[in-house]
Amino acid sequence: MKALIIVDLQNDFVEGGALAVQGGKELVPLINEIQQRFDLILATQDWHPANHGSHANNHPDASPGDVVELAGRPQILWPAHCVQETRGADFVPGLNQDRWAAVFQKGAVRHIDSYSGFFDNGKERATGLGDYLKEQGVTDLYILGLATDYCVKFTALDAVELGFRTHLVLDACRAVNLQPGDEREAVEAMRQAGVEITTSQELFPIETIPLEQKL
Ligand code: VGL
Ligand code: ZN
């Protein structure tokens, strides 16, 4: 049994958002095509309270990109993003949500960030995604979305650790690239951990490749 996980396809992570990832918006039609190849589709949603400790504005004299200590762990500070019940936290318009079985939210606890869709960064709490997938009999996970070097990466690494055959759909992901090369390093880390790096092409039988992919 295979399942698709769409990671953090939210307004704040695409063009015009608070933590915009270049090329994020253009993924929407591709991801909608890919969804048609799956019977079980889940999404993750970054879901921070306004006072979240990963937001630079909640630390006096700090700026985005600084690293601070948050409850004993190093934490990169980000511009305030994906604040609960705001437009920035909503899924990108046009993304088909009709067949999603569930949405798993993360990052709601002020003192700890949560890049992975499975656990917070300290593995203090599980989101429920892992148990859900096991209950559904899922063996193969296909992961895509935003951002390759943060939430996609840590979701994929945890998926491998939980024993899922894990596939990264690389052309349906985009990276933050705080440093040039972060995307390449993230993909290499996933590969080394046992993630199979694949592309959307391999998910489509040849005759159903969407026209825009052929051109
Ligand atoms: C993410 C930074 C902060 C992500 C979420 O979705 O990759 N990155 N929060
Ligand atoms: Zn976040």
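According to this note's numbering, the sequence shown is numbered sequentially starting from 955.
Positions of the beta carbon are idealized from the N, C-alpha and C atoms, including for glycine.
Expected contact under 8 Å - CB spacing of residue i and residue j to nearest Å
i, j, result
"G1099", "I960", "5 Å"
"G1042", "D966", "4 Å"
"V1092", "A957", "5 Å"
"Q964", "D1044", "6 Å"
"V1149", "A1110", "5 Å"
Near ligand 4: residue i beta-carbon under 8 Å from a heavy atom
i, result
"A1016", "Because ligand 4 does not appear in the structure shown, any question about it cannot be addressed here, the ligands present being ligand 1 and ligand 2."
Identity of the residues DSSP links to residue i by a beta bridge
i, result
"V1022", "Q1029"
"Q1090", "DSSP lists no partner for Q1090."
"Y1096", "L958, H1121"
"V1037", "H1002"
"Q1059", "Q999"
"C1127", "G1099"
"E1150", "H1121"
"H1065", "DSSP, once it has assigned bridges, lists no residue as partnering H1065."
"A1080", "F1073"
"Q964", "F1045"
"H1009", "W1032"
Beta-carbon proximity check, residue i vs residue j, cutoff 9 Å
i, j, result
"N1075", "D1067", "yes"
"V975", "A1055", "no"
"C1105", "G1071", "yes"
"A1034", "A972", "yes"
"A1129", "D1112", "no"
"A1004", "D1020", "no"
"K979", "E987", "no"
"P1018", "W1032", "yes"
"R1064", "H1006", "yes"
"S1154", "L984", "yes"
"Q989", "D962", "no"
"L1083", "F1058", "yes"
"W1246", "Q1029", "As shown, the chain starts at 955 and ends at 1169. That puts residue 1246 outside it, with no answer to give."
"G1048", "V982", "yes"
"F1118", "R991", "no"
"K1077", "L1116", "no"
Self-check item: Cβ contact check for the region 1106-1125 and the region 1084-1097: 3 or more pairs under 8 Å
Solution: Judged by Cβ distances under 8 Å, the region 1106-1125 makes contact with the region 1084-1097, as three or more pairs qualify.
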